[in-house]
Structure formats: C-alpha cells, structure tokens
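Asker:
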Amino acid sequence: MIEIGSWTREFAQRLRAEFGPRLLFMGYQGSYARGEATPESDIDIVTILDKADIAGLRRYRSVVGAMPQSGLACGFICGRRELENWPRYDLLSLALDTKPVVGELAPYLPEFTDGDRREALRIGAANLYHAVCHTYLYGDLAGALPGLLKSAFFCLRLWALVRDGGYRATRAELAGALSGRERRILDMLAGPRPDNVGEAYSLLIDWSSEVLRQT
Numbered sequence: 034m035i036e037i038g039s040w041t042r043e044f045a046q047r048l049r050a051e052f053g054p055r056l057l058f059m060g061y062q063g064s065y066a067r068g069e070a071t072p073e074s075d076i077d078i079v080t081i082l083d084k085a086d087i088a089g090l091r092r093y094r095s096v097v098g099a100m101p102q103s104g105l106a107c108g109f110i111c112g113r114r115e116l117e118n119w120p121r122y123d124l125l126s127l128a129l130d131t132k133p134v135v136g137e138l139a140p141y142l143p144e145f146t147d148g149d150r151r152e153a154l155r156i157g158a159a160n161l162y163h164a165v166c167h168t169y170l171y172g173d174l175a176g177a178l179p180g181l182l183k184s185a186f187f188c189l190r191l192w193a194l195v196r197d198g199g200y201r202a203t204r205a206e207l208a209g210a211l212s213g214r215e216r217r218i219l220d221m222l223a224g225p226r227p228d229n230v231g232e233a234y235s236l237l238i239d240w241s242s243e244v245l246r247q248t
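Everything in the sequence shown is counted per our numbering, starting at 34 for the first residue and increasing by one.
(1) Applying the criterion that 16 or more other CB atoms from any shown protein chain within 10 Å of the CB defines a buried residue, is residue 130 buried or exposed?
(2) Considering only C-alpha positions, which residue in the set 64, 44 and 246 is nearest to residue 205?
(3) Looking at the unbroken beta strand (DSSP E) that takes in residue 141, where does it start and where does it end?
(4) Mind checking who residue 58 pairs with in its DSSP beta bridge?
(5) Classify residue 215: buried if its beta carbon has 16 or more other beta carbons within 10 angstroms, exposed otherwise.
(6) Could you name the residues of the same chain whose beta carbon sits closer than 6 Å to that of residue 200, not counting the 5 residues immediately before and after it, in chain order?
(7) Under the three-state reduction of DSSP, which class applies to residue 179: helix, strand or coil?
(8) Quick check on this structure: which residue in 186, 91 and 198 has the alpha carbon closest to the alpha carbon of residue 149?
(9) Taking the alpha carbon of residue 191 as the point to measure from, which residue in 93, 244 and 51 has its own alpha carbon closest?
(10) Among all the DSSP beta bridges, which residues are the ones paired with residue 135?
(11) Quick one: which unbroken alpha helix (DSSP H) runs of 4-plus residues sit fully inside the region 158-217? Chain order, please.
(12) Hey, is the region 162-177 in contact with the region 109-128, meaning 3+ C-beta pairs nearer than 8 Å?
(13) Express the C-alpha separation of residue 161 and residue 210 in angstroms, rounding to a whole number.
(14) Touch check for the region 35-55 and the region 90-102: three-plus C-beta pairs under 8 Å?
(15) Looking at the unbroken alpha helix (DSSP H) that takes in residue 89, where does it start and where does it end?
(16) At a cut of 8 Å, does the region 136-147 reach the region 54-63 through at least three beta carbon pairs?
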C-alpha cells in the first residue's frame, strides 16, 4: 500500500519544480486523510494554483503521470479566482477534510456559518434521497448499496456537525456520537448482508427524507 506521507511530499516537490510560486496550496483528503485507506483507495489530491487554465492542466497532468501509482490519483484542482467564487457548501468539505502538504487552505476560504453547514447537509441529503429512490426503481439493489452507504456516511458526518458542532472525520469517531437509526446506517458500512438490503433502502430513504424536512 502507498505510504501517503512520502507520496504526497514527492508530489509536492515535483509540483513546486513545475509551478514555483504559482502553487498556492496542495493537500489530500479522502480515505488516506481519514486513515481508512486500502490498497485500492484513490489518492485524493487538492491543489490550488494561481490560475488553472488548460496549459496549466496539461503540465499538471504530466506531473501526475510521472508519479508512482499515478492511476490512483484523482482530486480537486482550481484557480484562486474560481475558488473565491465557488459555492460555500462545497468548500466546506475541503475545509473539513483536507490535510495540508504545501501551504494552508484557510486563507483562500470564507468563514463558514451554521447556514453553510445546514445547506451542505440539505444538499447531501437531497442527493442521497434521489440516488436511493432511483436505484431502488432502476438499479442493482445489492450492487449499488455500498456506494449509497458511503454517501450516507458523508451525510452523517454533516448531520452530527449540525447537531452539536463537532466534526468526526472517521467512522470510528462518528460511531461514538451516533445512536439509533443513524448508528444502524453507519454500522451497515461494514458490509450489508443480503438479508438486510431491503432494510437498508428503507432506512436510507426515511432518514434522508427526514433530514430534508427538518434541516
């Protein structure tokens, strides 16, 4: 498995060599940032340049392609001006989840409010509700469920944040703050059994609907 500290430091050195002071920030998020990565996990990079045009993206692509295990690399890249105009609810996940390697992200982000956190939760719940309903009607119920439960995990983190102001990034941290229906949804991430697929869909639909109505 990739040693994420070594990989990101090497990548940062190569980006500095390629972009110099144009590189404003680089970090990583996702399962590696949470300490939950597997050998198949993506390397989820966050990069902010002074300007991200097609010429810069072409150079960035070359740097990524020269890295070990480059096929696992993915992530978010943005120019400074675009970041300043990005939807606040979407920036919230960057602020909460990104581990810095080069620079600090905070100077490029707004001050977040309770309204921003609630909007992020509502949008996450709406997307989850739609995905669960659509999959239940048209999809592979068992095959799609792990992805839906992963989306629910991200919503549950925001739900707990809105509830008490505490952010729990990992499943283990979140488990200690949940009970009842929310805890049952989280526990299903460990691997839903064939005999509880229907229960999982019912839980996800009911929970996301309630979040939409009450947030």
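Every residue, glycine too, gets a C-beta built ideally from N, C-alpha and C.
Answerer: From the atom records:
(1) Reading the sequence shown from its first residue, position 97 is the one you call residue 130. Result: buried.
(2) Counting from one through the sequence shown, the residue named residue 205 turns up at place 172. Of 64, 44 and 246, the residue nearest in Cα terms is 64.
(3) Residue mapping note: residue 141 aligns to position 108 of the sequence shown, counting from 1. Where residue 141 is concerned, there is no enclosing beta strand (DSSP E), given that its DSSP letter is neither H nor E.
(4) Residue mapping note: residue 58 aligns to position 25 of the sequence shown, counting from 1. In the DSSP output, where bridge partners are listed per residue, residue 58 has 81.
(5) Numbered from 1 along the sequence shown, position 182 holds the residue referred to as residue 215. Taking all protein chains in view, the Cβ of residue 215 is crowded by 16 or more other Cβ atoms within 10 Å, so the residue is classified as buried.
(6) For the purposes of this step, residue 200 is identified with residue 167 of the sequence shown, where counting begins at 1. Cβ neighbours of residue 200 beyond the five flanking positions: 129 and 194.
(7) As a working note, residue 179 is residue 146 in the sequence shown. Assigned with DSSP and collapsed to three states, residue 179 falls in helix.
(8) The residue labelled residue 149 in the question sits at position 116 within the sequence shown. Checking every option, the nearest Cα to that of residue 149 belongs to 198.
(9) As a position in the sequence shown, residue 191 is number 158, starting the count at 1. Residue 244 is the option with its Cα nearest to residue 191.
(10) As a first step, residue 135 must be located in the sequence shown, where it is residue number 102. Its beta-bridge partners are 59.
(11) Here the runs fully enclosed are 174-197 and 204-208.
(12) The answer is no - the region 109-128 does not touch the region 162-177, with fewer than three Cβ pairs under 8 Å.
(13) Reading the sequence shown from its first residue, position 177 is the one you call residue 210. Reading the sequence shown from its first residue, position 128 is the one you call residue 161. Linking residue 210 to residue 161 through their CA atoms gives a straight-line distance of about 21 Å.
(14) Contact holds: three or more Cβ-Cβ distances are below 8 Å.
(15) Position 56 of the sequence shown, counted from the start, is the residue given in the question as residue 89. Per DSSP, residue 89 belongs to the alpha helix (DSSP H) from 87-98.
(16) Touching, per the Cβ criterion.
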